[in-house]
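Step one of this worksheet: look at the structure below.
Numbering (this note's numbering), first residue to last: 438 to 909.
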């Protein structure tokens, strides 16, 4: 069994350090060179601060505190520099466990995914031991401009199973220092007078063996104005220039972090692939949201399946960074069809079905995405479409909408044997009306592998195959 173009994964333990660092500059001149000099000096002071003994890393949801620049000293004292990084997991509190008050201290973490993420908070000690000299006050009267902003530090380090806490701390300190250098470059590059744009870090999972990479972008500058930077990154990492890797929407989603909108992502990843003789699996590439009946306080049970399949497709283009347009509502879909002259104005607000041709028109109207249409005279012919569908998922990788009779579904992939012609279809069913429960959705087959008999053998079908834009 060969899986073609599956979603990239990360294994092992990721250490992720986040925390605010205050950037404060007092400018005595409006000269550009002087301003840049002061800002660079402030960043250098922040780098020194990170390298100092005052730097503290607190492991989130645990009693563990580490001083990385004091010989990697830690508390509780049982933790030593030569302990393995993954051992920190046993100190991390889970939602079901009681507070840290008990002396036993150690708790078993419920980490179950292939990748474990240990979150740490970056802090600075503000008190010094020993006696302090008496304060001296001085007063100077001068005109100056004060700049202040908070830098949202966000560093990641991927560790192996034999990495020690000492090793990880050394890599984290290097990553923090490097990120401050990158933030300095972005800040100086995008300054407008005395206005600072906050630099933000984004993490991107690149094809193996490159792994997880961090890029700093200026906040408030849209992706459309960062094409030059993305081209340079594609050249640097030897990536193809017809696929998006470094748009903000492509940022890596860390395991365990909830999505704010509440939709399930990629439920098909919980499934096992069917086994066919000499078969290969061709899957959707990237991330999509599962849209189905009764979501968004919208009762579309019985008529909205094609709308929901279209929403799933739109979410794919949004989450791959190809468009910034939000996933359209039913009314926005209907209005788009009125705008292109496909429907009368009375169509907006109705409960009328749409099909593959309308899905093609809406994708073009709202997202400027083109699609191919595959016509199938009867469902029994779908079993012979393995080559066309395999080629689509291999080259385009987008979800496919299929409509026939009164039903619409989303095809996410195929398992196909070129030698025997055997085929299975990976179906995402928009007719589901329940809650966002992954186990129910996969156990009950709302997202699952189906054989050729899944289709009505005598009904005609139209398939809408969206084409991936060839852009960086």
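Quick reminder that beta carbons are idealized off the backbone N, C-alpha and C, glycines included.
Can you give me the start and stop residues for the beta strand (DSSP E) that residue i sits inside?
i           : result
residue 463 : 449 to 464
residue 901 : 898 to 903
residue 701 : No beta strand (DSSP E) contains residue 701, which DSSP labels as neither H nor E.
residue 556 : 552 to 561
residue 689 : Careful: residue 689 lies outside any beta strand (DSSP E) and carries neither H nor E.
residue 861 : 860 to 865
residue 494 : 492 to 496
residue 717 : 716 to 720
residue 504 : 502 to 504
Please tell me whether residue i and residue j are closer than 9 Å, where the distance is taken between their beta carbons.
i           : j           : result
residue 696 : residue 690 : yes
residue 749 : residue 904 : no
residue 728 : residue 513 : no
residue 493 : residue 516 : no
residue 837 : residue 849 : yes
residue 634 : residue 659 : no
residue 803 : residue 762 : yes
residue 845 : residue 792 : yes
residue 625 : residue 461 : no
residue 885 : residue 902 : no
residue 455 : residue 557 : yes
residue 487 : residue 610 : yes
residue 614 : residue 522 : no
residue 623 : residue 636 : yes
residue 652 : residue 620 : no
residue 817 : residue 889 : yes
residue 688 : residue 641 : yes
residue 740 : residue 789 : yes
residue 796 : residue 826 : no
Determine which residues share a DSSP beta bridge with residue i and list them.
i           : result
residue 593 : 453
residue 637 : 654
residue 790 : In DSSP, residue 790 forms no bridge with anything.
residue 838 : 847, 901
residue 828 : Its beta-bridge partners do not exist; DSSP assigns none.
residue 629 : 632
residue 582 : 464
residue 601 : 521
residue 885 : 864
residue 648 : 643
residue 587 : 459
residue 726 : 702
residue 854 : 716
Under 9 Å between C-beta atoms, does residue i make it to chain D?
i           : result
residue 633 : No chain D appears in the structure shown, which is made up of a single protein chain.
Looking only at C-alpha atoms, which of the options sits nearest to residue i?
i           : options            : result
residue 765 : 780, 778, 743, 782 : 743
residue 663 : 865, 822, 682      : 682
residue 674 : 857, 648, 893, 692 : 648
residue 552 : 530, 574, 597, 590 : 597
residue 755 : 672, 781, 800, 717 : 800
residue 457 : 591, 614, 467      : 591
residue 861 : 474, 719, 499, 511 : 719
residue 701 : 572, 794, 869, 518 : 869
residue 524 : 880, 603, 751, 891 : 603
residue 586 : 778, 480, 760, 703 : 480
residue 847 : 600, 685, 828, 725 : 725
residue 881 : 890, 825, 708, 723 : 708
residue 402 : 465, 685, 632      : A query on residue 402 cannot be resolved here, the shown segment of the chain reaching from 438 to 909 and no further.
residue 519 : 752, 469, 606, 865 : 606
residue 618 : 878, 470, 476, 883 : 476
residue 632 : 582, 589, 671      : 582
List the endpoints of the continuous alpha helix (DSSP H) containing residue i.
i           : result
residue 744 : 742 to 756
residue 510 : Counting along the chain, residue 510 falls outside any alpha helix (DSSP H), though it belongs to the beta strand (DSSP E) covering 510 to 512.
residue 480 : 469 to 488
residue 914 : Because the chain in this structure spans residues 438 to 909, residue 914 falls outside the shown range and cannot be described.
residue 813 : Where residue 813 is concerned, there is no enclosing alpha helix (DSSP H), although the beta strand (DSSP E) it sits in stretches over 808 to 813.
residue 668 : 664 to 673
residue 878 : 875 to 880
Skipping 5 residues on each side, what residues in its chain have a beta carbon closer than 6 Å to that of residue i?
i           : result
residue 713 : 852, 854, 859
residue 811 : 900
residue 657 : 634
residue 745 : 728, 729, 867
residue 503 : 494, 511
residue 907 : 679
residue 873 : 701
residue 814 : 897
Here's a check: name, in chain order, each residue in its chain whose Cβ is nearer than 8 Å to the Cβ of residue i, leaving out the five neighbours to either side.
i           : result
residue 451 : 552, 553, 554, 555, 593, 594, 595, 596, 649, 691
residue 541 : In this prediction, residue 541 has a pLDDT of 44, which is less than 50 and means its spatial position is unreliable; what the coordinates show is noted afterwards. The answer is none, since no qualifying residue turns up.
residue 775 : 781, 782, 784, 785
residue 912 : Here the chain comprises residues numbered 438 to 909, so residue 912 is not present and cannot be evaluated.
What residues in its chain sit with their C-beta under 7 Å from that of residue i, if we drop five residues either side in the sequence?
i           : result
residue 842 : 893, 896
residue 499 : 528, 529, 530
residue 834 : 442, 721, 722, 723, 905
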